[in-house]
Amino acid sequence: MTGRSRWAAALAVLLASGGALVWQGSHRQVTLHQEAVTRDAWGRLVEVAPGRTADGWLPLSADPSTLPLEVSVLAAREAGLQAWLASGWLPDPGDPRAGMERAALADLHTLTAPTGTAPGAVLAGASPAWQYVWPRDASCAAVALARTGHQHDALVALLLLQDLQADDGSMQARYLPVGDGTVPDDREPQEDGPGWALWAAAAVIEEGVPSPGPAGDAGNGGTPGRSAGTGQEQVAELLTPLVVRSAGRLLDRVDPRTGLPRPSPDYWERPEEEVTLGIAATALMGLEAAADLHARGLVSEQAWRRGGVDPGRLAPAATDLRTRIGDAFGPRFPRHVGGRPDAAVTLLLPPFVDVPVPGADAARLSAQGAQRRPAGGVAPGAGWRNDGVSWTPQTALQAVAAAHNGHPQEATRWLDWLDEHRTAAGALPEKVLHDGDPAAVAPLGWTAALVLIAARAPAS
60 MTGRSRWAAA LAVLLASGGA LVWQGSHRQV TLHQEAVTRD AWGRLVEVAP
110 GRTADGWLPL SADPSTLPLE VSVLAAREAG LQAWLASGWL PDPGDPRAGM
160 ERAALADLHT LTAPTGTAPG AVLAGASPAW QYVWPRDASC AAVALARTGH
210 QHDALVALLL LQDLQADDGS MQARYLPVGD GTVPDDREPQ EDGPGWALWA
260 AAAVIEEGVP SPGPAGDAGN GGTPGRSAGT GQEQVAELLT PLVVRSAGRL
310 LDRVDPRTGL PRPSPDYWER PEEEVTLGIA ATALMGLEAA ADLHARGLVS
360 EQAWRRGGVD PGRLAPAATD LRTRIGDAFG PRFPRHVGGR PDAAVTLLLP
410 PFVDVPVPGA DAARLSAQGA QRRPAGGVAP GAGWRNDGVS WTPQTALQAV
460 AAAHNGHPQE ATRWLDWLDE HRTAAGALPE KVLHDGDPAA VAPLGWTAAL
510 VLIAARAPAS
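Convert by adding 59 to the 1-based position in the sequence shown; the result is the number in the numbering used here.
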């Protein structure tokens, strides 16, 4: 095929697909869905779009003329947001990334339980196709909220995941945010959910909950009829069903032939016939968190056994899985055994596990070049389509790993990059195109949460 024929074929594919499909090696164009979001006077999500309307607000999926926005009510809501921000940790105004971190906090608050959703529902994003609860996104949001002084919000987010989880410990890929366990489609369950949730539960238990938010205030994560205790033991008691069911699920899914979890889709959101590093790593995260909770007595022997889990299996299973991951995936830690690098190598390092898996940090650093995209961020893995698009969650995972593993200058570089590629209204987008333009949904809750987890890393 001649060069002209190849270009003609590529153009034909793009035209036929409306631009949704891309030719391998091309620079994909993706629309920016919105610049940022807030809530209207009734708690519904609205787009912040200066210049789009006279007052700068555009309701999402609604006719603006049917939703009058009274300035006085909006001002009251803004005052409520500022009070919520002031109730927890805030970045030092002298920090060059303070604006991004403050916006990330505000965006997590905005995406948590807007009108029409269940208390504790953390939406992945504000655009219609993202208005669901993904267990991994919600788990990271819970950890970010807990580590920024909003422990009650974090607890309620995990209590919702606990309510959504099936009796066998499995979790769906995503849920409608109404709280009854319904799903938007027939995607397979994604078996990284129990590991993410167990890791988040341990982190939220570690922080404790000093006081509940206002009863019935869905915007603050308040849940009528539920009250939180003041310490780790009380929080652990509330989250025991989530912890025990998740641990049981992770133990049950270990393949006795390999010692690794059985294959499942993960954050790449595609069917898998071989176990991925993302599934193996999140299983390790969860089992090590469960073993720690058992060792510290934060979940009782009776609770483990009532849930069908022998707690004596937890620590040996975690130790064995750590060894198996190193033997099977090391020293390069690719997506599939013998395959190409994957961003999930970051999950083999603190804060996702207490002690780094040997060789994982070196593998993470050496693999960055293969995952780098033209604008300077990274793709989900070296095997991801070569479309020129940087993904902010995976870039933020690099920042988290660097910040928690003795690479403060590297962490600063990644966070600066994320800061520089926010939307004009200040939100962190899901994607950044080859030319540096933000694209897709903004804000993305997963990225906002990871930025905050990186920002709250202990000083090295």
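The beta-carbon is built from N, C-alpha and C at its ideal position, and this holds for glycine as well. The structure presented is a predicted model; accordingly, all values stated were derived computationally and were not measured.
Residue i in three-state terms, based on DSSP
i: R431; result: strand
i: G492; result: Reading the sequence as shown, one finds Leu at residue 492 and not Gly. Three-state result, L492: coil.
i: E106; result: strand
i: V294; result: helix
i: L91; result: strand
i: L219; result: helix
i: V263; result: helix
i: G184; result: strand
i: L149; result: coil
i: V510; result: helix
i: V242; result: coil
i: A498; result: strand
i: T171; result: strand
i: A541; result: Only positions 60 to 519 of the chain appear in the structure, and residue 541 is not among them; the question remains open.
Alpha-carbon spacing of residue i relative to residue j, whole angstroms
i: Q190; j: P502; result: 12 angstroms
i: D314; j: L343; result: 14 angstroms
i: G389; j: L511; result: 29 angstroms
i: T37; j: L456; result: Outside the shown range of the chain (60 to 519) lies residue 37, about which nothing can therefore be said.
i: A201; j: L219; result: 11 angstroms
i: N279; j: G102; result: Legend: pLDDT at N279 = 39, less than 50; position of this residue unreliable, no value from coordinates given.
i: N464; j: L408; result: 7 angstroms
i: R444; j: D222; result: 36 angstroms
i: V459; j: A225; result: 30 angstroms
i: G385; j: G139; result: 48 angstroms
Buried versus exposed call for residue i [16 or more other C-beta atoms within 10 Å across all chains shown]
i: R365; result: exposed
i: E328; result: exposed
i: V268; result: buried
i: T506; result: buried
i: V416; result: buried
i: G447; result: buried
i: E106; result: buried
i: E250; result: buried
i: G345; result: buried
i: G252; result: buried
In DSSP terms, what residue i is bridged to
i: S449; result: V491
i: R98; result: L104
i: G440; result: D401
i: Y234; result: V192
i: L503; result: G184
i: V313; result: P320
i: P393; result: P400
Cβ separation of residue i and residue j, assumed to be a contact under 8 angstroms, to the nearest whole Å
i: A216; j: A197; result: 6 angstroms
i: P94; j: T482; result: Before going on, a small fix: residue 94 reads as Glu here, not Pro. Their Cβ separation, rounded to whole angstroms, is 5 angstroms, which keeps E94 and T482 in contact under 8 angstroms.
i: V237; j: A177; result: 6 angstroms
i: L477; j: T451; result: 6 angstroms
i: A377; j: E347; result: 5 angstroms
i: A484; j: V491; result: No, A484 and V491 are not in contact; Cβ-Cβ is about 15 angstroms, not under 8 angstroms.
i: Q361; j: A402; result: About 39 angstroms separates the two Cβ atoms, so there is no contact after all.
i: V358; j: A295; result: 6 angstroms
Proximity test, residue i beta-carbon vs the ligand SAM heavy atom, cut-off 6 angstroms
i: P155; result: What this structure holds is no ligand at all, so the ligand SAM is not there to describe.
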